[in-house]
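**Student:**
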Amino acid sequence: MTAQKERLIVVGNGMAGIRTVEELLARAPDRYDITVFGAEPHPNYNRIMLSPVLAGEKSFEQIILNDRAWYEANGITLLTGEPVEAIDRAARTVTSLSGRTLGYDRLLLATGSMPFIIPVPGATLPGVIGFRDLADVETMLEAAAKGGRAVVIGGGLLGLEAANGLALKGMDVTVVHLMPTLMERQLDPSAGTLLQRELEARGITVLTGADTAEIIGGGIGGSERVTAVRLKDGRELPADLVVMAVGIRPNIALGKAAGLDCGRGIKVDDAMRTSDPAIHAVGECVEHRGVTWGLVAPLFEMAKVLAERLAGGTEAAYAGSVTSTKLKVTGVDVFSAGDFSGGEGTEDIVFRDAARGVYKRLVLKDNRLLGAVLYGDTRDGPWYFSLLKDGADVSAERDTLIFGQGFGGGEAASPAAAVAALPDSAEICGCNGVCKGTITAAIRDKGLTSLDEVRAHTKASASCGSCTGMVETLLAATLGDGYAAAPAVKPMCKCTTHGHDAVRAAIVAHGLKTMSDVFQALEWSTPDGCASCRPALNYYLLCAWPGEYRDDYQSRFINERAHANIQKDGTYSVVPRMWGGLTSASELRAIADVVEKFAIPTVKVTGGQRIDLFGVKKEDLPAVWADLNAAGMVSGHAYAKGLRTVKTCVGSEWCRFGTQDSTGLGVKLEKMTWGTWTPHKVKLAVSGCPRNCAEATIKDLGVVCVDSGYELHVGGNGGMHVRACDLLAKVATEEEVLEYTGAFLQLYREEARYLERTAPWVERVGLDHIRRRLVGDAGGRRALHARFLFSQSFSQEDPWAERAARGVDRHEFAPLAELVG
Amino acid sequence: MDQMIAWTEVGSVADIPRQGSRVVKTAFGDVALFRTATDEVFALEDRCPHKGGPLSQGIVHGRRVTCPLHNWVIELATGEAVAPDEGCAGHVPVRIEGGVISLALAARTPGRGGCHG
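Protein chains in written order, with the working numbering: chain E, 53 to 873; chain V, 1087 to 1203.
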C-alpha cells in the first residue's frame, strides 16, 4: 500500500472548481483523493454558453465540458444534485443536504454566485427568474414555446443575451434598463446607442432610464403568476415571463456560516486561501483585494494559481485580472477592455462609420492603451487587449492605431497574416488566458493536428469559442500543408467559412435583411463580398423577404442587369416572350421590323420555342425593347435565373393524339410563373400526350397530359448531364397542375443553393423529401403555393418596359463620355 | 511632373454607380471607369486580357472586377489578373478634383494579353 492520499473536497461543480481540478490533475495527478459536490443535477458544463443554448444555436450536450466518464477516468467521486449544507472546520468535515458527511484535508469552495433579485414587491412570483443555470434556460424555453411577452430587467451582458435568445424563440421582448445606455459598464454611450439600435431592429423593445417599481401578479384560484411589470413612472408592461439580470451576488452563505472572513465575497489572499488555511476558494464566490469577479478569464487565472499551490508550489500568486468582454449575441460584435471612462490626462481616438455600423474608441494615457471599445468590427480586439495588458508604448503607431493591426498602407491584411504578425505573448484565448506562444509550442512539441487536440492540450478556444478561427489559423500556420481543416460543409466562397445552407438559415433565423447585415453577422472576410457570393446572397435575401428586400443591382450578373444575354463579342441577344410558344402575325412583323431597323445579324429559334435576336449593341437595347413592347411583347427573361420558357405541343386543339389542351395549359403556367427569381434557370413544358413532343420529361417541371389527367414530372434537364425527370404525382385538374407547380417552384426557391438546378437539387435532397412536402402534405403544398404567388406579386413587372419607357437604369446603356475624334 | 500630363475631364464620380462602372469611348478603344464601394475610382482598358471581355460589364467587389465572360478577376489599381491567371488590362491614371474625374489618356499603360492571348 502506498501512503494514504490527501482528501480534497470541492464544493461546486462549476467552471472555476472543475478548472482547478483539471489544472491540478495536470500537475499532480495522484496527490489527492477528490470528491466533488454539485448542487445542479448535471455534470460540469460551460455556463457562459447558456446564451447560445437559449438562442437555439447549441444543445446542452454541446456545452458539457466534462462528462461523467471523465470524472470516473480520473478517479473523482462526483455527487450531483447534492448541495453542501454545513462545514465543520474543527472536525474538517462537510455535510450535504441529504445528510452525507465526508472528511477533508483540504477543502475548496467554488460556490459561484447567485443572480441578484431586486427586492421589489412581486419579485418572488412564479414566472420571475434569474439567468444563471440550465434550469433557468429550461424555464425560459418553456415560456417561449407558448409565445407571449417577456420583460428582461437589466440591459447588461446577461440581460441582452437573454433578451436576444427569447426574441429568437418568438417572444415579444422588452428590456428594462435603469441606466441611460445599455451595457454601460462595458460600453461608452455611443456604442451603447448603436447596440440599442441594433436590438431594436431585431424587434426587441428597449427602455432605458427605466426603474422597476413592482412586479404584478394575477391569476385565478391561487394560480397567481406574473402578469406585468410596473415602472416607477407608472408605465405598466404586460409580461408572461420576467427575467432579472441585473447582476450577480457571490454565493457566500456556506462560507459565512462556517465562520470564514467574508466581505462581499469569501475573502482570499493571493494564494487563494481563506481565513482558514485548510480552506481555499476560487471563482465568483471570492473577494480578492476587495474585488469580486463575474467573468470567466479571472476565474481561470485563479484556478491556475490554486492548482499550483495545491500541487505543492509555493510561488504562484494571483494579482487580479485585466479583463475584456464580448457580447454573445450572434451578429452583434461588441468588444470592450480596460478603463474607458476617460478622465484627466487621457486622450481619446475615435473612429466612426455610421453606414457600416462601426464604432471604435481607444483611450490612451501617456502613450499607453488604457481602454478600448469596439462595436461592429471587433477583429482587432485581441490585439488592442494585448497592447493594453502589456502596457505597450504605442506612440510609434499612434497615427494608425485606430485602423487596427492589419493596417499597412491601405491594403487589408489577411487574417492569417494578422495572426502570424502577433507576438508570442499575444493572448489568443481570452477566456482561458492562453497566449500564441503556448499554442504554437503545444502544436509543435506534442504533434497536435486538430482543433480538438489544441483544445484538449491548451484549453484555447474551449470556452466561449470566439477565438476558434484564430486557433485554426495558428494550426494552419504552424503545420503548413500538414493541416487540413475538416470543413464539414463547403464554404459559399472565399469570403466566408459558411456553406450556402447555413447562410440561408441564418438569414431567416436572425432576420438579416440586407447584404451588409449578412457580412456583419456572419463575419465575412471581405468588405463587400465577391462576384460569387453577392449574386447568391442577393437571391437568398430576395427569396426570404419578398416585397421587403431591395434588389441589389450591382450584385447581378451583367445579363440580369442589362436584361439581355452577353455574347462572346460583347454584343447582346434579346428574346421576347411568346406565351406557351404562341405568336402572331403582328408579333412576327414587329420582330422582323426590329431586325431590319437595328441591323440585327442573326435570328434563331431557340430550343424553348422562342425567337432569339443576336448581335444587338448594348446601347441599342432600350430602343429594341421599346419597339417590341409597342407590339405587346415583354422580356422573355432568357438571361434570368428564373422562369425561361414553357415549351408546349399543340395538344387536343389540333393534334389527333392530343388528350388535353397542352398549349392552353402552357400559357397558364407561363402567366403564373414568369418573372420569378429562382436559384438557377427554370424551364417548364407541357406535352399533350405520352408521345411527349414537348420533351416534358427532361424539364425542371414537365406536364404530360393523359386521358385521365396530368402526370407531373420534376427534376429533369438537358444540361451537361442529361437527366430524365422523376414522376412526382398524377393529378386530375389544371388547377392542381398550377398549385403543384407553384409549390414545387417555391420549395426549390426556398431550399436549393444558388446556381443549383432542380436536377442536382432533387438528387441531393431525394425525391422522397419532395413527395413528402408536396404530395403527402396538402396543407404544406397550399402554403408553398401561396408563398409563391405572394412573391410573384412583387416580381411580375416587365423589366424591358421599365427601361425602355421609363428610363430605369439609363446609365447602364450610355457611355459616360465619348472622346473619339 | 504633373504639368507634363494632359488630363481630360470625362464626368463626375456621381455619374458612376457605386460598385459599378461606366465606359468612356476614346480613340484607342473603350476605357472602363470603376467606382468602388468606398468611392475610389479606377480606369482600365475595357478588355479582359483573356478573351477581350468587356470588364465594364463585370461585378465590382473590393478593388477588383470579375470579367463577365469567363470570371477572370482583375485588380482595378493595376489591371493585373489575379493569380493563377496572367495578363494585364491596360491602366489609365485617374485624377479626381471636386468630384470631377479626369483621365491621363496619354499616360496609359497598354495591356498585355493573358496566357491564352
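We put the CB at the ideal spot given by N, CA and C, even for glycine.
Would you mind reading off the limits of the beta strand (DSSP E) that contains P851(E)?
**Tutor:** That residue, P851(E), is in no beta strand (DSSP E); its alpha helix (DSSP H) goes 851-858.
**Student:** Measure the beta-carbon distance from E786(E) to L717(E) and round it to whole angstroms, keeping in mind my assumption that it falls under 8 Å.
**Tutor:** With a Cβ gap of about 6 Å, E786(E) and L717(E) count as contacting.
**Student:** Give a yes or no on contact between the stretch 320-329 of chain E and the stretch 364-380 of chain E, applying the rule of three or more CB pairs nearer than 8 Å.
**Tutor:** They touch, by the three-pair rule.
**Student:** With distances taken from CA atoms, which of D1101(V), E1126(V), P1103(V), G1106(V) is nearest E1179(V)?
**Tutor:** Checking the sequence, you will find Pro at residue 1179(V) rather than Glu. Nearest of D1101(V), E1126(V), P1103(V), G1106(V) to P1179(V), Cα basis: E1126(V).
**Student:** Which value, in whole angstroms, describes the spacing of the CA atoms of D442(E) and L212(E)?
**Tutor:** Near 31 Å, if we compare the C-alpha coordinates of L212(E) and D442(E).
**Student:** Between C582(E) and chain V, is there a C-beta pair that is closer than 8 Å?
**Tutor:** Closer than 8 Å to some Cβ of chain V, the Cβ of C582(E) qualifies, so yes.
**Student:** Taking the beta strand (DSSP E) that F403(E) falls in, what are its first and last residues?
**Tutor:** Its beta strand (DSSP E) spans residues 398-405.
**Student:** Please check the pair T728(E) and Q844(E), which I expect to be a contact at CB under 8 Å, by giving their CB distance rounded to whole angstroms.
**Tutor:** The Cβ separation is near 6 Å, so the contact holds.
**Student:** What residues in the stretch 695-716 of chain E bring their beta carbon closer than 8 Å to a beta carbon of chain V?
**Tutor:** Residues: none.
**Student:** Take the Cβ of G767(E) as the centre, count every other Cβ of all protein chains shown within 10 Å, and call the residue buried at 16 or more, exposed below.
**Tutor:** Answer is buried; the Cβ neighbour count reaches 16.
**Student:** Can you look up Y427(E) in the DSSP assignment and give me helix, strand or coil?
**Tutor:** Reduced to three states, the DSSP call for Y427(E) is strand.
**Student:** In chain E, which residues lie with their C-beta within 8 Å of the C-beta of D1125(V)?
**Tutor:** Residues of chain E passing the Cβ test: none, with the nearest at roughly 11 Å.
**Student:** Within the stretch 141-216 of chain E, note down every full alpha helix (DSSP H) run reaching 4 residues or more, in order along the chain.
**Tutor:** Correct list: 186-197.
**Student:** For a test of the three-state rule: what should DSSP assign to F796(E), helix, strand or coil?
**Tutor:** Helix, per DSSP.
**Student:** Who are the near neighbours of Y123(E) in its chain, counting only those whose CB is closer than 6 Å to its CB and skipping five residues on each side?
**Tutor:** These residues qualify, in order along the chain: L130.
**Student:** Taking P1103(V) as the query, report the chain E residues whose CB atoms sit under 7 Å from its CB, ordered along the chain.
**Tutor:** Those are Q606, H863, listed as they occur along chain E.
**Student:** Are V738(E) and L780(E) close, meaning C-beta to C-beta below 8 Å?
**Tutor:** Against a cut-off of 8 Å, the Cβ pair of L780(E) and V738(E) comes out as no contact.
**Student:** What do you reckon, are the CB atoms on V570(E) and L594(E) nearer than 8 Å?
**Tutor:** Not closer than 8 Å, so no.
**Student:** List, from N- to C-terminal side, the alpha helix (DSSP H) runs of 4 residues or more that fit wholly inside the stretch 649-697 of chain E.
**Tutor:** With a minimum length of 4 residues, the continuous alpha helix (DSSP H) runs that stay inside the stretch 649-697 of chain E are 673-682.
**Student:** Ignoring anything shorter than 3 residues, give me the beta strand (DSSP E) runs that lie fully in the stretch 60-139 of chain E, in order along the chain.
**Tutor:** 84-89, 116-118, 129-131, all fully within the stretch 60-139 of chain E.
**Student:** Using a Cβ-Cβ distance under 8 Å, would T578(E) count as near chain V?
**Tutor:** So yes, T578(E) belongs to the interface.
**Student:** For G462(E), which three-state DSSP category applies?
**Tutor:** Residue placement at G462(E) cannot be trusted, given a pLDDT of 40 that sits under 50; what the coordinates show is reported in the next sentence. It is coil, neither helix nor strand.
**Student:** In whole angstroms, what separates the C-alpha of W1158(V) from that of F437(E)?
**Tutor:** Between W1158(V) and F437(E), the C-alpha separation is close to 40 Å.
**Student:** When DSSP labels each residue in this structure, what does M53(E) get in the three-state scheme?
**Tutor:** In this prediction, M53(E) has a pLDDT of 46, which is less than 50 and means its spatial position is unreliable; nothing more can be read from the coordinates.
**Student:** Between R1198(V) and chain E, is the shortest Cβ-Cβ distance under 8 Å, so that the two count as touching?
**Tutor:** Not an interface residue.
**Student:** Identify, in the order they occur along the chain, each residue of the same chain with its Cβ nearer than 7 Å to the Cβ of G460(E), setting aside the five sequence neighbours on each side.
**Tutor:** Unreliable placement is indicated for G460(E), whose pLDDT of 46 sits below 50; the coordinate value is still reported in the next sentence. Same-chain partners within the cutoff: there are none.
**Student:** List in chain order: all unbroken alpha helix (DSSP H) runs of 4+ residues lying wholly within the stretch 287-328 of chain E.
**Tutor:** Listed in chain order, they are 305-309.
**Student:** For a quick check, are the C-beta atoms of N65(E) and M166(E) less than 8 Å apart?
**Tutor:** No. Outside cutoff.
**Student:** Kindly examine the ligand ZN and report whether one of its heavy atoms sits closer than 7 Å to the Cβ of I610(E).
**Tutor:** The ligand ZN is not part of this structure, which contains no ligands at all.
**Student:** Determine whether the beta carbon atoms of Q1105(V) and D580(E) lie at a separation below 8 Å.
**Tutor:** Their beta carbons are under 8 Å apart, which means Q1105(V) touches D580(E) by this criterion.
**Student:** By DSSP, does R1108(V) sit in helix, in strand, or in coil?
**Tutor:** Three-state DSSP puts R1108(V) in a strand.
**Student:** Return the first residue and the last residue of the alpha helix (DSSP H) that I351(E) is part of.
**Tutor:** Reading off the sequence shown, one finds Leu at residue 351(E), where the question assumed Ile. Counting along the chain, the alpha helix (DSSP H) containing L351(E) begins and ends at 348-362.
**Student:** Give the straight-line distance between the Cα atoms of V41(E) and A197(E), rounded to the nearest whole angstrom.
**Tutor:** Outside the shown range of chain E (53 to 873) lies residue 41(E), about which nothing can therefore be said.
**Student:** According to DSSP, is E252(E) helix, strand or coil?
**Tutor:** Note: E252(E) maps to helix in three-state DSSP.
**Student:** Please list, in chain order, the chain V residues whose beta carbon lies closer than 8 Å to that of R586(E).
**Tutor:** By Cβ distance, chain V contributes I1145, H1147.
**Student:** Which same chain residues, not among the five before or five after K417(E), have their C-beta less than 6 Å away from its C-beta?
**Tutor:** The residues are G397, T398.
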